[in-house]
Amino acid sequence: MDYNEYMHQVVCVKGVPASAAELELRDDGTLDDEWVTYELNEWDEYALEEAVSIREGVGGTVTALMVGDRAKEDLVFRSLAKGADRAVRVDGEGLDQADTFAKARVAAGAIDDMDDPPILVYTGLQAADTANAQFGGTVAATLDLPFTSFIVGVEYEDGADVLTVRRELEGGLEERRELEIPAVLGIQTGLNDPPYASIREIRAARDKPVVERSLDEFGLGPVAVTEMAMTGVNRYFEPEVEDAATVFEGDPDETANELAETLVELGVVR
49 MDYNEYMHQV VCVKGVPASA AELELRDDGT LDDEWVTYEL NEWDEYALEE AVSIREGVGG
109 TVTALMVGDR AKEDLVFRSL AKGADRAVRV DGEGLDQADT FAKARVAAGA IDDMDDPPIL
169 VYTGLQAADT ANAQFGGTVA ATLDLPFTSF IVGVEYEDGA DVLTVRRELE GGLEERRELE
229 IPAVLGIQTG LNDPPYASIR EIRAARDKPV VERSLDEFGL GPVAVTEMAM TGVNRYFEPE
289 VEDAATVFEG DPDETANELA ETLVELGVVR
């Protein structure tokens, strides 16, 4: 990948079920998402806003990249309404069933094939539906780029070959680190204040360019995508509900003895 001085940034975005969505399962153990409402992954929104903020300071272009998610095409325009200059959407048979690892490999291929290779690639720290925090690291490894995650602060000067990031650590601590660019950044929530995209802004965003790419362009088909996957979902199921909690009522001395006997029976105490 040949990089130039043009400030091109790519933000990988994903659609996830809305937090208030009620999920239903089919009899065969698959997820029935026909009526599910999707929204942009929260971590990706913060990543997109950070790229837009840097563009406003130093210029350049921000590209929103979505892999698969055919049912969530409107989220491409939502990304554009939130400040991306253009969008690239890669689609093809097998992607909707692909795991995080396979989609990250496809995203890396799309980034590597861009005419204007990005200086910075952003991903959310994790996705609300899978929560495996695997995507960004896989993209970076595939592109052989530096990567760091849990980022809560980014400092970049125009033309610099390094940037400074602040990483969230345990116990309320933060780490300050320099990173050579080009690089891949995994963004934590709380980094900035993502804007709300109105219906009017989303409609206006349809005038921005959207490039549709297919897996065939990268020499990939459903079999190849399946072979790249490292994990799979056997079935979804509702967890069994245990018996309701036992409430001890009455005299404190009596209920204390009942509680003690119950804890002994359960093996909690001896």
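Counting from 1 along the sequence shown, just add 48 to a position and that's the residue number in the working numbering. Where a beta carbon is used, it is the ideal one built from N, C-alpha and C, also for glycine.
Is it buried or exposed for residue i, if we count other Cβ within 10 angstroms and need 16 for buried?
{"i": "I247", "result": "exposed"}
{"i": "M278", "result": "exposed"}
{"i": "A208", "result": "exposed"}
{"i": "W91", "result": "buried"}
{"i": "F285", "result": "exposed"}
{"i": "N89", "result": "buried"}
{"i": "P257", "result": "exposed"}
{"i": "V321", "result": "With the chain running from 49 to 318 in the structure shown, residue 321 is simply not present."}
{"i": "T148", "result": "buried"}
{"i": "P230", "result": "buried"}
{"i": "A99", "result": "buried"}
{"i": "A158", "result": "buried"}
Beta-carbon within less than 6 angstroms of residue i's beta-carbon, same chain only, minus the 5 sequence neighbours each way: which residues are those?
{"i": "E203", "result": "T212"}
{"i": "I102", "result": "Y204"}
Nearest by alpha-carbon distance to residue i: which of the options is it?
{"i": "V58", "options": "A132, D75, V64", "result": "A132"}
{"i": "I199", "options": "A181, T148, E104, V316", "result": "A181"}
{"i": "A95", "options": "D147, A175, F125, G140", "result": "A175"}
{"i": "R261", "options": "R214, T310, M114, A152", "result": "M114"}
{"i": "S67", "options": "T85, L73, L79", "result": "T85"}
{"i": "Y54", "options": "D164, G267, F296, G298", "result": "D164"}
{"i": "V124", "options": "D160, E93, T148", "result": "E93"}
{"i": "R254", "options": "R126, L314, A308", "result": "R126"}
{"i": "D144", "options": "L128, G280, G220, A99", "result": "G280"}
{"i": "L226", "options": "G220, R214, I235, Q236", "result": "Per the sequence shown, the amino acid found at residue 226 is Glu instead of Leu. Answer by Cα proximity: R214."}
{"i": "G63", "options": "A252, R137, E249", "result": "R137"}
{"i": "I250", "options": "E104, H56, L128, G105", "result": "L128"}
{"i": "A152", "options": "T190, T178, L173", "result": "T190"}
What is the DSSP secondary structure of residue i, counted as helix, strand or coil?
{"i": "I102", "result": "helix"}
{"i": "D80", "result": "strand"}
{"i": "F266", "result": "helix"}
{"i": "A156", "result": "helix"}
{"i": "S197", "result": "strand"}
{"i": "I165", "result": "With the sequence shown as reference, residue 165 is identified as Pro, and Ile is not the correct amino acid for it. In the structure shown, P165 sits in coil (DSSP, three-state: anything other than H, G, I, E or B)."}
{"i": "T109", "result": "strand"}
{"i": "E97", "result": "helix"}
{"i": "I235", "result": "strand"}
{"i": "D144", "result": "helix"}
{"i": "D139", "result": "strand"}
{"i": "G207", "result": "coil"}
{"i": "L128", "result": "helix"}
{"i": "R74", "result": "coil"}
Can you name, in chain order, every residue of its own chain whose Cβ lies under 7 angstroms from the Cβ of residue i, other than the five neighbours on each side?
{"i": "A146", "result": "G116, V273, A277"}
{"i": "R74", "result": "D80"}
{"i": "D299", "result": "none"}
{"i": "I167", "result": "Y51, M55, H56, Q57, I229, P230"}
So residue i and residue j are supposed to be a Cβ contact under 8 angstroms. How far apart are they, rounded?
{"i": "V232", "j": "T294", "result": "The Cβ separation is near 51 angstroms, so there is no contact."}
{"i": "A112", "j": "V187", "result": "With a Cβ gap of about 15 angstroms, A112 and V187 do not count as contacting."}
{"i": "G108", "j": "R283", "result": "Incorrect: roughly 45 angstroms between the Cβ atoms, too far for contact."}
{"i": "G140", "j": "L263", "result": "3 angstroms"}
{"i": "V106", "j": "D206", "result": "4 angstroms"}
Quick one: residues in its chain with C-beta nearer than 8 angstroms to the C-beta of residue i, no 5 flanking neighbours on either side, listed in chain order?
{"i": "L217", "result": "F198, E223"}
{"i": "P243", "result": "E97, K130, G131"}
{"i": "V312", "result": "R318"}
{"i": "N240", "result": "Y94, E97, E98, S101"}
{"i": "G238", "result": "Y94, V200"}
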